[in-house]
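Enquirer: Quick note: the sequence shown uses the numbering used here, first residue 36, plus one each step.
First, the structure itself, so that you have it in front of you.
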Amino acid sequence: MGLLVCYYRSHAKGLTRKGRFYIMIRHILFWNYTDTVKKQHREAEALQFLQDSVATMNGHIDGLLKAEIGTNLAGGYDLVFYAELEDTDALNAFRDHPLHAAHRERCKDIVTDRLCGDLITTI
């Protein structure tokens with residue numbers, strides 16, 4: 036844990052400082068594959084497509100520190116998306132950003148049953 040905190044603090048140019056800590060938003064979503072993807076047994080292909088789509092956002096949206104998507108190991112939902120953002124302003128900008136809108140459009144026929152949570156955390 037200490038190494039991770041040191042990494043973030045060394046890259047904290049956009050993070051909001053609160054005392055001796057920094058504030059960060061963790062944006063977490065869960066989805067299921069659509070019935071079409073499941074019936075055609077195209078989960079692996081769909082996952083690669085989604086990972087490539089998420090990669091188009093990394094490093095190109097101000098305030099987005101990191102984004103990734105993968106298989107949910109815990110069950111219940113097929114996929115989990117995880118993003119780290121500098122603050123709530125960055126989260127709001129991310130939601131409206133054209134690259135994110137394009138990502139959502141690419142995903143609409145692949146995923147369903149969205150569950151979202153946003154966590155304000157300190158590091």
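Don't be surprised by glycine CBs; every beta carbon is placed ideally from N, CA and C.
1) With the cut-off set at 7 Å, would you say I158 and L120 are in Cβ contact?
2) Could you compute how far the alpha carbon of R130 sits from the alpha carbon of A136?
3) Return the residue from the list A118, L114, A128 that minimises the CA-CA distance to A79.
4) Any idea if A109 is buried or exposed, counting beta-carbon neighbours within 10 angstroms, 16 or more meaning buried?
5) Under 8 Å: do the stretch 61-73 and the stretch 139-152 share three or more Cβ pairs, one atom per stretch?
6) Between which two residues does the alpha helix (DSSP H) containing D124 stretch?
7) Counting along the chain, where does the alpha helix (DSSP H) carrying L64 start and finish?
Expert: In brief:
1) For the pair I158 and L120, the CB atoms are not nearer than the 7 Å cut-off.
2) The alpha-carbon atoms of R130 and A136 are separated by roughly 8 Å.
3) By alpha-carbon distance to A79, the top candidate from A118, L114, A128 is L114.
4) exposed
5) yes
6) Here the alpha helix (DSSP H) through D124 covers 123-131.
7) Careful: L64 lies outside any alpha helix (DSSP H), inside the beta strand (DSSP E) at 56-68.
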